[in-house]
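See below for the structure under consideration.
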Amino acid sequence: MIVLGLVLLLVGWLVGIPLLTTAGIVVLLVGAVLWIAGSVGRPVAGRRHYY
Numbered sequence: 003m004i005v006l007g008l009v010l011l012l013v014g015w016l017v018g019i020p021l022l023t024t025a026g027i028v029v030l031l032v033g034a035v036l037w038i039a040g041s042v043g044r045p046v047a048g049r050r051h052y053y
């Protein structure tokens with residue numbers, strides 16, 4: 003999700019589409035939260051790791 007967020011953020015910024023930039027930021031933040039929650043050993047939605 004982090005890579006997808008970065009791609010959407012870059013494409014939105016380069017093309018000039020604010021909707022893609024906003025979606026990229028949201029997906030990037032959600033991916034970061036899931037990554038942090040998974041790395042501290044806390045299961046999220048029944049899964050310990052998100053790959």
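Quick note on numbering: my numbering labels position 47 of the sequence shown as 49, and the sequence is numbered without any gaps.
Even for Gly, the Cβ is constructed at its ideal location relative to N, Cα and C.
What first and last residue would you give for the alpha helix (DSSP H) that runs through Val28? 20 to 41
Return the chain-ordered list of same chain residues with a C-beta closer than 8 Å to the C-beta of Leu31, the five sequence neighbours on each side being excluded. Gly7
Do Leu10 and Leu22 come within 8 Å of each other at the CB atom, strictly closer than that value? yes
Assuming Gly14 and Gly26 make a contact with CB atoms under 8 Å, what is their CB distance in whole Å? 6 Å
Distance CB(Met3)-CB(Val29) smaller than 8 Å: yes
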